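Colleague: The structure that follows is given in the form of structure tokens.
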Amino acid sequence: MTTPRIAFDLKPSSQPAPEEERAAALANPGFGRYYTDHMITIKWTEGRGWHDAQLQPYAPLQLDPATMVLHYGQEIFEGLKAYRQPDGGIAVFRPEANARRFQLSARRLGMPELPVETFVEAIDLLVAQDRAWVPAEGEQSLYLRPFMFATEVGLGINRPANEFLFMVIASPAGAYFPRGIKPVSVWLSKEYVRAAPGGTGEAKCGGNYAAAFVAQSEALAQGCDQVVWLDAVERRWIEEMGGMNLYFVRGSGPAAEIVTPQLTGTLLPGITRDSLLAIAADLGYRTGEVRISTDDWQRGNAEGSITEVFACGTAAVITPVGSVKSADAAWTVGDGEPGEITMRLRETLVGIQTGRVEDRHGWMHRV
Ligand code: PLP
Ligand code: COI
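Residue numbers for the sequence shown follow full-length UniProt numbering, beginning at 1 and rising by one.
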């Protein structure tokens, strides 16, 4: 059955940000500090489905204090980026993959599934309207944040909400970590757990992040930049970081093997993670999805068989991991500097995204 297309009502802003304001934001965007002139909204109501799709001026929302999301956290989101291309055009990296993951998250959280084509059309409309906000410098981009939450007013919890709002906002993005691609230090969280089997770990829902902040604060208090989450049952299998997946390089040179923790249902199936499995294979490396424990990491590091470790995600791109700390151990990864293979993968990924390396897999979606 084909779903009927949703018609968007276009209401461009009569007061877009003055050019100087936009130029100042684009000169030093940071991450998630500035927002473009427009946003997308689409409503969903039980019995009626998706309706009232709009592109409208970016503005605050007004919510009844009893709106369900404020109490029970029924919310999911996505993150993807649009890049300026060498010919001045704009392309978005793998929006259909984000649209499909958004559907999986919706299903897990008892929410309606937005059709993939509507998700992509919403992105296209917003990026086209706010194209002046897509930076042109280096690897800067326009970060897109689609999200959906329960708007039904009521405090009963005997069923999921019967009304939702889907939105997309956009924010120019520079480096996620203020120090750029300098290696980050990580804290192995043994006290707190991010996700348990049967839980929501593989969904991209706000609650996963809400539950993670306490461990992130602990990491900061330990002098580390980020938390590494371990499995909930044995507390020894490495899963992922707060907003990134992890990769390990075994060996060096052309014979190196590039591995990432397997998808167990408790970690997010990252789109950067998936793309890097393909890129690493294209570059001739062996790849694998494996189980790797904290002991394997510490031992492999000491023996020199694990040579590089890096984190990857839409916001963080590829960020080297330079040192590790836990309650009972601490070590430097390799020589603590960005690894050669890490940087080669990074240049290839960013090259594809910015249109300077051939897009063999058809990942770039022209707006
Ligand atoms: N893991 C978590 C918990 C995340 O929030 C993210 C960011 O989206 C990732 C991994 C990386 O996923 P992606 O590469 O799709 O951005
Ligand atoms: C992303 O990379 O898109 C993320 O969602 C990570 C973080 C900003 C939550």
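Ideal Cβ positions, reconstructed from N, Cα and C, are used throughout, including at glycine.
Owing to the predicted nature of the structure, the values given are computational and were not obtained by experimental measurement.
#1: Beta-carbon distances below 5 angstroms to any heavy atom of ligand 2 define the shell here; list its residues in chain order, please.
#2: What is the rounded straight-line gap between the Cα of Leu349 and the Cα of Gly154?
#3: Restricting to Cα atoms, I'd like to know which of Arg194, Gly79, Glu163, Leu267 is closest to Tyr176.
#4: Please report how far the alpha carbon of Gln216 lies from the alpha carbon of Ala99, in whole angstroms.
#5: Starting from the C-beta of Leu114, find all residues in its chain whose C-beta is less than 6 angstroms away, skip the five residues before and the five after it, and write them out in chain order.
#6: Do Val134 and Ala82 have their CB atoms nearer than 8 angstroms?
#7: Can you find a heavy atom of ligand 1 that lies under 7 angstroms from the Cβ of Glu96?
#8: How about Ile352: is its Cβ closer than 7 angstroms to a heavy atom in ligand 1?
#9: Between the alpha carbons of Val168 and Ala329, how many angstroms are there, rounded?
#10: Going by CA-CA distance only, name the one from Ala132, Glu117, Leu263 that's closest to Ala25.
#11: Name the DSSP beta bridge partners of Arg250, please?
#12: Nearest to Arg299 by CA position, among Trp331, Gly284, Arg235, is which residue?
#13: Which residue or residues does DSSP assign as beta-bridge partners of His365?
#14: Less than 8 angstroms between the beta carbons of Leu142 and Val324, yes or no?
#15: Which complete beta strand (DSSP E) runs does the stretch 136-203 hold, if anything under 3 residues is left out?
#16: Does the beta-carbon of Lys204 have 16 or more other beta-carbons within 10 angstroms, so that it is buried, or is it exposed?
#17: With burial defined as no fewer than 16 other Cβ atoms inside 10 Å of the residue's Cβ, what is the status of Gln74: buried or exposed?
#18: Just to confirm, does Gly270 get its C-beta within under 7 angstroms of one of the non-hydrogen atoms of ligand 1?
#19: Ignoring anything shorter than 3 residues, give me the beta strand (DSSP E) runs that lie fully in the stretch 322-353, in order along the chain.
#20: Measuring straight from C-alpha to C-alpha, what distance separates Gln85 and Gly223?
#21: Identify whether Ile123 lies in helix, strand or coil by the three-state DSSP scheme.
#22: Measure how close the beta-carbons of Asn245 and Gly270 come, nearest whole angstrom, since I'm counting them as under 8 angstroms.
#23: Hey, could you find the ends of the beta strand (DSSP E) Phe77 is sitting in?
#24: Let me check you understand the geometry: is the CB of Asn245 closer than 7 angstroms to at least one non-hydrogen atom of ligand 1?
#25: Would you list the one or two residues that DSSP bridges to Phe213?
#26: How do the stretch 195-203 and the stretch 39-56 stand: do at least 3 beta-carbon pairs fall below 8 angstroms, yes or no?
#27: Does the count of Cβ pairs from the stretch 285-295 and the stretch 248-257 closer than 8 angstroms reach three?
#28: The beta strand (DSSP E) spanning Val357 covers which residue range?
#29: Just verifying my parser: in three-state terms, what is the DSSP assignment at Ala82?
Modeller: Quick answer:
#1: Gly79, Gly243, Gly313, Thr314, Ala315
#2: 45 angstroms
#3: Gly79
#4: Going from the Cα of Gln216 to the Cα of Ala99 covers about 28 angstroms.
#5: Phe166
#6: For the pair Val134 and Ala82, the CB atoms are nearer than the 8 angstroms cut-off.
#7: Incorrect: Glu96 has no Cβ contact closer than 7 angstroms to ligand 1.
#8: no
#9: 42 angstroms
#10: Ala132
#11: Glu257, Ile306
#12: Trp331
#13: Val92
#14: no
#15: 141-150, 163-173, 184-189
#16: With 16 or more Cβ atoms within 10 Å of its Cβ, Lys204 is classed as buried.
#17: The residue is buried, with at least 16 neighbouring Cβ atoms inside 10 Å.
#18: yes
#19: 330-332
#20: Taking the straight line from one Cα to the other gives about 38 angstroms.
#21: Residue state, collapsed to three classes: helix.
#22: Contact between Asn245 and Gly270 holds, with the beta-carbon distance rounding to 4 angstroms and staying under 8 angstroms.
#23: 75-77
#24: yes
#25: The beta-bridge partner set that DSSP reports for Phe213 is empty.
#26: no
#27: yes
#28: First-last for Val357: undefined, no H or E at that position.
#29: Strand at Ala82.
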